[in-house]
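J.: Here you go, one structure.
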Amino acid sequence: MEWIAKALERVRKRKPLVQNITNFVVMNTTANALLALGASPVMAHARDELEDMLRIADSLVVNIGTLDEHWIPSMEKAVKIASELKKPTVLDPVGAGATKLRTETALRLLEIGDITILRGNFGEIAALLGEHGRTRGVDSATYEEDKAKELALTAAREFNTVVAVTGPVDYVSDGKGVYAVYNGNEMLGRVTGTGCMVTAITGAFAAVEEPLKAAVSALAIFGIAAEKACEEAKYPGSFHVKLYDWLYRIDEELIIERAKVRKVEP
Amino acid sequence: MEWIAKALERVRKRKPLVQNITNFVVMNTTANALLALGASPVMAHARDELEDMLRIADSLVVNIGTLDEHWIPSMEKAVKIASELKKPTVLDPVGAGATKLRTETALRLLEIGDITILRGNFGEIAALLGEHGRTRGVDSATYEEDKAKELALTAAREFNTVVAVTGPVDYVSDGKGVYAVYNGNEMLGRVTGTGCMVTAITGAFAAVEEPLKAAVSALAIFGIAAEKACEEAKYPGSFHVKLYDWLYRIDEELIIERAKVRKVEP
Amino acid sequence: MEWIAKALERVRKRKPLVQNITNFVVMNTTANALLALGASPVMAHARDELEDMLRIADSLVVNIGTLDEHWIPSMEKAVKIASELKKPTVLDPVGAGATKLRTETALRLLEIGDITILRGNFGEIAALLGEHGRTRGVDSATYEEDKAKELALTAAREFNTVVAVTGPVDYVSDGKGVYAVYNGNEMLGRVTGTGCMVTAITGAFAAVEEPLKAAVSALAIFGIAAEKACEEAKYPGSFHVKLYDWLYRIDEELIIERAKVRKVEP
Chain A
3 MEWIAKALER VRKRKPLVQN ITNFVVMNTT ANALLALGAS PVMAHARDEL EDMLRIADSL
63 VVNIGTLDEH WIPSMEKAVK IASELKKPTV LDPVGAGATK LRTETALRLL EIGDITILRG
123 NFGEIAALLG EHGRTRGVDS ATYEEDKAKE LALTAAREFN TVVAVTGPVD YVSDGKGVYA
183 VYNGNEMLGR VTGTGCMVTA ITGAFAAVEE PLKAAVSALA IFGIAAEKAC EEAKYPGSFH
243 VKLYDWLYRI DEELIIERAK VRKVEP
Chain B
3 MEWIAKALER VRKRKPLVQN ITNFVVMNTT ANALLALGAS PVMAHARDEL EDMLRIADSL
63 VVNIGTLDEH WIPSMEKAVK IASELKKPTV LDPVGAGATK LRTETALRLL EIGDITILRG
123 NFGEIAALLG EHGRTRGVDS ATYEEDKAKE LALTAAREFN TVVAVTGPVD YVSDGKGVYA
183 VYNGNEMLGR VTGTGCMVTA ITGAFAAVEE PLKAAVSALA IFGIAAEKAC EEAKYPGSFH
243 VKLYDWLYRI DEELIIERAK VRKVEP
Chain C
3 MEWIAKALER VRKRKPLVQN ITNFVVMNTT ANALLALGAS PVMAHARDEL EDMLRIADSL
63 VVNIGTLDEH WIPSMEKAVK IASELKKPTV LDPVGAGATK LRTETALRLL EIGDITILRG
123 NFGEIAALLG EHGRTRGVDS ATYEEDKAKE LALTAAREFN TVVAVTGPVD YVSDGKGVYA
183 VYNGNEMLGR VTGTGCMVTA ITGAFAAVEE PLKAAVSALA IFGIAAEKAC EEAKYPGSFH
243 VKLYDWLYRI DEELIIERAK VRKVEP
């Protein structure tokens, strides 16, 4: 697990500037997650400034959680520019499967540019694959562990990108290998936007590490931070606060001790 | 007060999906209040996805706190669809009385669809009734206890809905009976969006209980959580954190012990 | 430093209503900072209600952190109306220098109305002065202490307003005198929107004190609150919570004991 610690070290050293087009619910919390970890967030969505901002950014995160007709063109433009500039791009298809607009928007973003990493829950990724995934709101999905691994692998091949399917166990695949990440805990489901926070910090790792390892590193580190936070605080308000504390405190020693990451057979 | 505990039990068992069109200031905090309590929040406002989202939602919450010309049509469309689909709908007329735009928008939403519960402070509800209520910003109002009960009753009859007028004592009426809720404390006025949080969780209760009792349950439970939070934390930052903790921790025993709810003469 | 304590006393007594047009990332946190301090926040941006809202407001804060083509006209209209109504106006040119859109928007706002106080970091204010300031995202800048004082003074003369250049040491000038504020600490850089919070509470002070002293008071008080918060909590999540606690708790005694404010030679 040393490579995960090394990835974190690089984030803290280089402080990548992560440009986010994300949803209104989590703008504050994802910025704080990035800052606590040691990266540098910026939030900009005006079409007239996207190119300027992406030129100085190290990566792009697009999250469709509160999309609308004004924001979708910004997302599309940002993904195109980032592709041209070869900036790593992470997509969070929040609520895909819940509404057609979300499913179609996410699919279009996958088509028009180079998405480096796609992170969603089981229902969202399944919906994108045209399966019968039914997203219940945006915070859960019918997770089936035996199918999650397969889903990550299939989606990675289909969309030609790294895919992270998150749930009780997270599966990450680049279409060839598959990693399973066992870190995290259930309290994450009691705080809004924790999935979006993982996506945001995935953007930081994508700026300093190759995509497959970047996604795994983000998930393991976020999961460990959540475990430590829950040891200190058993209720959601306090847990949420401690989560930032541990994104700041997590270090090589803790990663080596706690990371539960395994390469599994595809 | 057993029925309040039963209502909470139903929220936790059924985990109603509450669709919110709310203001930018409180999107994160109202989602967290719903999650802490045990409900499931979703925030969507794009007109093209409202019908899809409302079909899977159990109730709708509309809060006009940062309304504008792009969001008002979404609010209107959502209220109409929810009415057609017979989904309980809660309206928070934030800042009615402070500007004409807010007063008129709230009144239009009351006209075009079936609002199940209207929750506002004294000044907001008074403004909607055409009285001389002058809302000072959005966080207070000239509360007059002897008039608050009457206001709830009159507004409920006028708008043919359940009305909750919140303040030091909350009054809730369906136009026939009136309940007074004495829970809560002053620290709630030092954290932004606590009124919006009550409105949001009212949406959760409206999905599992009849309107009058739903509104009373939400107010009593939120008030008790605030009292417990304040016993643990006397300053606003820490109090805010503990508020989520207690929305999660509150249980039947605490409700029976603490709820101060009385049916009063109309 | 007694005048700083007096300014805070006036904020708490008069509870100025501060109208904010700010960015999505910090709407919640700036409202909470104002409430914790004892002021009264309101957030409204619809062009159709700006005049109504500004008539009852005591000051205006404009922050361009997530500007776009829909919000810029609101910012412009608000600044114009506030000027006509002679309401003190504080401008935070978030990210000026990072993109042309931000630099140009901030400059236009400075032209079309009376900005009472301009608060930004070194890179932002330098960019507005047409220097080679390069803003890295929105949370930092190439701060050079020996130049910061001069920058505040020059910008104050150029824009004919009070300018606060914040950094490890903050410099505030009205074009004649210069104050240096040494309060604050590095943990502020690990929580998003702390600069925006200072701007917001500057709006509260601007409603009750003349501009130069208002800006200095806000910076000193916020800095002291941050110092106290950091004594109680060494990590960013917990620190953030305690920051609100100390904005609420700070009093005359603490200000007298801790304020490090000096009038320096221009």
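Protein chains in written order, with our numbering: chain A, 3 to 268; chain B, 3 to 268; chain C, 3 to 268.
The C-beta atom is built at its ideal place from N, Cα and C for all residues, glycine as well.
1) Output yes or no for whether 9 angstroms exceeds the beta carbon distance between B/N123 and B/T168.
2) DSSP three-state label for C/G181, please.
3) Name the two residues that bound the continuous beta strand (DSSP E) containing A/T91.
4) So, does the CB of A/V2 fall closer than 9 angstroms to a CB anywhere in chain C?
5) Quick check on C/A220 - is its C-beta less than 9 angstroms from some C-beta in chain B?
6) What residues match up with C/Y173 in a beta bridge as DSSP calls it?
7) Apply the 10 Å Cβ neighbour rule to B/R121 and answer buried if 16 or more other Cβ atoms are within range, or exposed otherwise.
8) So is C/I23 buried or exposed if we call it buried at 16+ other beta carbons inside 10 Å?
9) Closest to B/G177 by C-alpha separation, out of B/T107, B/G186, B/A166 and B/N187, would be which residue?
10) With a cut-off of 9 angstroms, does the C-beta of A/D253 fall near any C-beta of chain C?
11) If you draw a straight line from the C-alpha of B/A84 to the C-alpha of C/V218, how long is it?
12) Mind checking which residues open and close the alpha helix (DSSP H) that includes B/V81?
13) Where does B/N34 fall in DSSP's three states?
14) Using only alpha-carbon positions, find the residue among A/A7, A/R16 and A/N34 that is nearest to C/G195.
15) Would you please state the rounded distance, in angstroms, between the beta carbons of C/V193 and C/L221? I believe it to be under 8 angstroms.
16) Quick check on the DSSP output: the alpha helix (DSSP H) that includes C/G225 runs from which residue to which?
17) Keeping to the same chain, check which residues put their C-beta closer than 6 angstroms to that of B/S142; ignore five residues upstream and five downstream.
18) Does the Cβ of B/V263 lie closer than 8 angstroms to at least one heavy atom of the ligand ADP?
19) For B/P238, name the three-state secondary structure that DSSP assigns.
20) Using 8 angstroms as the cut-off, can you tell me whether the segment 46 to 66 of chain C makes contact with the segment 30 to 47 of chain B, which would need three or more C-beta pairs spanning the two stretches below that distance?
21) Could you tell me whether the Cβ atoms of B/M3 and B/I203 are closer together than 9 angstroms?
22) Output the boundary residues of the alpha helix (DSSP H) element that contains B/I252.
23) So, does the CB of C/Y250 fall closer than 9 angstroms to a CB anywhere in chain A?
24) For A/E51 and C/L112, what's the separation of their Cα atoms in angstroms?
25) Tell me whether B/L69 sits in a helix, a strand or coil according to DSSP, three-state version.
26) Would you report the Cα separation of C/R57 and C/V81, rounded to the nearest angstrom?
27) I need the straight-line Cα distance from B/K8 to B/G225, nearest angstrom please.
28) So B/R121 is in the beta strand (DSSP E); what residue range does that whole segment cover?
29) Over what stretch of residues does the beta strand (DSSP E) that includes C/M45 continue unbroken?
30) Just tell me which of C/E11, C/N25, C/V96 and C/L39 has its CA closest to the CA of C/H72.
31) Should B/K244 be labelled buried (16 or more other beta-carbon atoms within 10 Å of its own) or exposed?
32) Can you pull the chain B neighbours of A/T68, defined as C-beta to C-beta under 9 angstroms?
33) Taking 9 angstroms as the threshold (beta carbon to beta carbon), is B/F26 in contact with chain A?
34) Got a sec: is the Cβ-Cβ distance from C/D247 to anything in chain B below 9 angstroms?
35) According to DSSP, simplified to helix, strand and coil, what is B/K265?
36) Using beta carbons (cut-off 9 angstroms, strictly below), is B/L37 in contact with chain A?
T.: So, to answer that:
1) yes
2) Rather than Gly, the amino acid found at residue 181 of chain C in this sequence is Tyr. Reduced to three states, the DSSP call for C/Y181 is strand.
3) T91 to D94
4) Residue numbering for chain A in the displayed model covers 3 to 268; residue 2 of chain A lies beyond these limits and cannot be assessed.
5) no
6) C/V167 and C/A182
7) buried
8) buried
9) B/A166
10) no
11) 51 angstroms
12) W73 to E86
13) helix
14) A/N34
15) Their Cβ separation, rounded to whole angstroms, is 16 angstroms, which puts C/V193 and C/L221 out of contact at 8 angstroms.
16) P213 to E234
17) With a pLDDT of only 47 at B/S142, under the threshold of 50, the placement of this residue in the model should not be trusted; the figure read from the coordinates follows. Correct list: empty, nothing qualifies.
18) This structure simply doesn't include the ligand ADP, nor any ligand for that matter.
19) helix
20) no
21) no
22) Run containing B/I252: none; DSSP gives neither H nor E here.
23) no
24) 20 angstroms
25) coil
26) 13 angstroms
27) 17 angstroms
28) I119 to N123
29) S42 to M45
30) C/N25
31) buried
32) M29, M45, A46, H47 and A48
33) yes
34) yes
35) strand
36) yes
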